[in-house]
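Following: one structure in structure tokens, then a few remarks.
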Amino acid sequence: MSIARYTLLSLLVAGLVACSPLSALNALSPGAASQVSANLPYGPLPRQKLDVYAPKNHAGLSPVVVFFYGGNWNSGERADYAFVGHALASRGYVAVIADYRLYPQVHYPEILQDAARAVAWTALEVRRYGGDPTRLFVMGHSAGAYNAAMVALDASLLARHGMRPQDLRGWIGLAGPYDFLPVENINTRPVFFFPDTPASSQPIHHVTPDAPPALLIAPKPGKDSLVNPQRNTGGLAAALRTAHRPVTEQYLDGINHVTLVASLAAPLRMLAPTLDSVSAFIDDHAHAHAAATTAPAVQKEKAPVQ
């Protein structure tokens, strides 16, 4: 690695660890291969908007990935994660980056209702952006991985839209919290009504024999100070295996909680093979036999959005 490249890498990593804005990382992430459709509403409220990143010059319909960012359910903007959209589009997938309402505007489970609604919009509308709704995945990092897990595992969320977890070809979690009771983080506690947090808020309690295939990626144990990889990634992977569901469990060296998602960006891919792992999982399951060969029969949600 050249001195200039090493210096750039060091500055980017230092900025990310300090939770600085991701605009510099986005500026260094090539988007020439992406066709971006921005500010699309998936609901009537200001935070219910998403951006679509489609690969240019791609023949036929592409697999689709709906991505949810982290931020402890109280912060985050989809524009900060343009690098994720460009990364996925560069591998031939249509990426949907969705905002969702945050605390204190809403609590659990309204945050998850937004996530499910974004997935339902995608299943209904993504063909016009070059995406194949029969090859649909959800993905997230940190709190966003929790959102993705719940959409994939808690059937009641997609049921509001006439969909089922089986309508997903798979889901991908990056350093997600899947089993975190009692809630320890003081900023997370009010989101989940601590100390009266319902057990049903935990993804690990929604594992069933119908769960979609999963790819769970986390830093190696001891490298993530925010989400315990052994309890969360390891525990959920064990629960999925007990239910005889396909799950791939990976612990990557050289990254931490924040730089795991950052390693998707072109300037930081030398940190870890995160994008390669994600691509391999999508490619394997996008072409696998699915129970349904037509698009999910999406319908309007059965309860009004608050």
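Position one of the sequence shown corresponds to residue 3 (the numbering used here), numbered consecutively onward.
For every residue, glycine included, the Cβ atom is placed at its ideal position computed from N, Cα and C.
Because the structure is a prediction, the values reported are computed rather than measured.
N- and C-terminal bounds of the alpha helix (DSSP H) containing residue i
i: Ile284; result: Thr276 to Ala288
i: Ser92; result: Ala84 to Ser92
For residue i, three-class secondary structure by DSSP
i: Gly237; result: helix
i: Pro231; result: helix
i: Asp181; result: coil
i: Gly146; result: helix
i: Asn258; result: coil
i: Thr190; result: coil
i: Thr244; result: helix
i: Arg103; result: coil
i: Val108; result: coil
i: Arg137; result: strand
i: Val209; result: coil
Per-residue burial, residue i [other beta carbons within 10 Å of its own, 16 or more giving buried]
i: Pro223; result: exposed
i: Arg119; result: buried
i: Gly62; result: exposed
i: Phe283; result: buried
i: Asn41; result: exposed
i: Met152; result: buried
i: Ala213; result: buried
i: Pro116; result: One detail in the question is off: residue 116 reads as Asp in this sequence, not Pro. So Asp116 ends up on the buried side.
i: Pro205; result: buried
i: Gly210; result: The amino acid at residue 210 is misidentified as Gly; the sequence shows Thr. It is exposed - the Cβ of Thr210 has fewer than 16 other Cβ atoms within 10 Å.
i: Thr261; result: buried
i: Met272; result: exposed
i: Asn149; result: buried
i: Asn59; result: exposed
i: Ala241; result: buried
i: Asp198; result: exposed
i: Ser64; result: buried
i: Phe182; result: buried
i: Phe195; result: exposed
i: His163; result: buried
i: Pro23; result: Low confidence applies here, because Pro23 scores a pLDDT of 45, under 50, leaving its location unreliable and the question unanswered by this model.
i: His246; result: exposed
i: Ala290; result: exposed
i: Ala264; result: buried
i: Pro46; result: exposed
i: Ile113; result: buried
i: Pro106; result: exposed
i: Ile257; result: buried
Residue j beta carbon less than 7 Å from that of residue i
i: Thr124; j: Val193; result: no
i: Ala89; j: Leu266; result: yes
i: Ala201; j: His207; result: yes
i: Arg171; j: Ala288; result: yes
i: Ser203; j: Tyr110; result: yes
i: Val96; j: Ala56; result: yes
i: Arg93; j: Ser281; result: yes
i: Asn74; j: Thr244; result: no
i: Val249; j: Ala216; result: yes
i: Trp173; j: Val140; result: yes
i: Pro32; j: Ala268; result: yes
Endpoints, beta strand (DSSP E) assigned at residue i
i: Trp173; result: Gly172 to Leu176
i: Met165; result: No beta strand (DSSP E) holds Met165; DSSP gives it neither H nor E.
i: Val68; result: Ser64 to Phe70
i: Val98; result: Val96 to Ala100
i: Val54; result: Lys51 to Pro57
i: Ala117; result: Element bounds for Ala117: not the beta strand (DSSP E) but the alpha helix (DSSP H), Glu112 to Glu127.
i: Val38; result: Ser36 to Pro43
i: Ile219; result: Ala216 to Pro221
Note to self: Within 8 Å, do at least three Cβ pairs link the segment 74 to 92 to the segment 128 to 135?
What the structure shows: no
Check: Do the segment 96 to 103 and the segment 30 to 50 touch if we need at least three Cβ pairs shorter than 8 Å?
Finding: In short, these stretches touch, since the Cβ pair count reaches three.
Checklist line | the segment 169 to 182 in contact with the segment 141 to 150 per 3-pair CB rule at 8 Å | finding: Yes: at least three Cβ pairs fall under 8 Å.
Notebook entry, point to check: With contact counted as at least three CB pairs below 8 Å, one residue from each stretch, are the segment 246 to 253 and the segment 227 to 238 in contact?
Noted result: yes
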